[in-house]
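What follows is one structure encoded as C-alpha cells, with my remarks underneath.
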Amino acid sequence: MKKEITSLEKLKAWEVVDRHKDKLVIGSTWAFRCKRYPSGEIRKLKARICCRGDQEPDSSVFDTYAPVVSWTTVRLLYIMTLKLGLTAKQVDYTNAFVQADIQDEDVYVCMPRGFTLEGK
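Using my numbering, the first residue of the sequence shown is number 211, and each one after it goes up by one.
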C-alpha cells in the first residue's frame, strides 16, 4: 500500500486540502490482488487505490471512459505478430489514470483507509 501511495505522490497526483462542505467528495477504496507463479506460490502482493465511481452524480456517469482491449483484439495482434515475424513487447502503465486530463473541474476524493493527514 505504501508503494502505491509513494508512486502517486511522486507523480503529484493529488493535493491534500481541507474538506469542503459544499463539494461532492467521492470515496476511495483499496483493491488487493495476489499474483502467483504457475506453481501456485505467491509472487507478489499488490494494492491499488480505486475511486468509488458509483458515488458520482448521474450527470457525469456517461462522461467517463476507460479504454479496455478485448481478448479478441489481443489474440489477433499475437497472430499477426507471429505471421509477420515481428516482435512484441508489453508495457504496463502504473497509475495510468493519473495521466488522464481532467478539464474544467476539480475532483475531490477521500484519502484511502489507513492513510490520513491530521486536520485534512
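We put the CB at the ideal spot given by N, CA and C, even for glycine.
Pair within 7 angstroms by beta-carbon distance, residue i and residue j
i: S238; j: I259; result: yes
Nearest-angstrom beta carbon gap, residue j and residue i [assumed within contact, 8 angstroms]
i: A257; j: M211; result: 4 angstroms
i: C244; j: I252; result: 6 angstroms
Under the three-state DSSP convention, the category residue i falls into
i: W281; result: helix
i: T239; result: strand
i: Y318; result: strand
i: L296; result: coil
i: L255; result: strand
i: K233; result: coil
i: K220; result: helix
For residue j and residue i, the rounded distance between their alpha carbons
i: Y318; j: G324; result: 18 angstroms
i: M321; j: K254; result: 24 angstroms
i: E219; j: L234; result: 23 angstroms
i: I312; j: K213; result: 24 angstroms
i: K293; j: D264; result: 43 angstroms
i: Y247; j: E315; result: 43 angstroms
i: L296; j: S217; result: 33 angstroms
i: W224; j: H230; result: 16 angstroms
i: L221; j: I215; result: 10 angstroms
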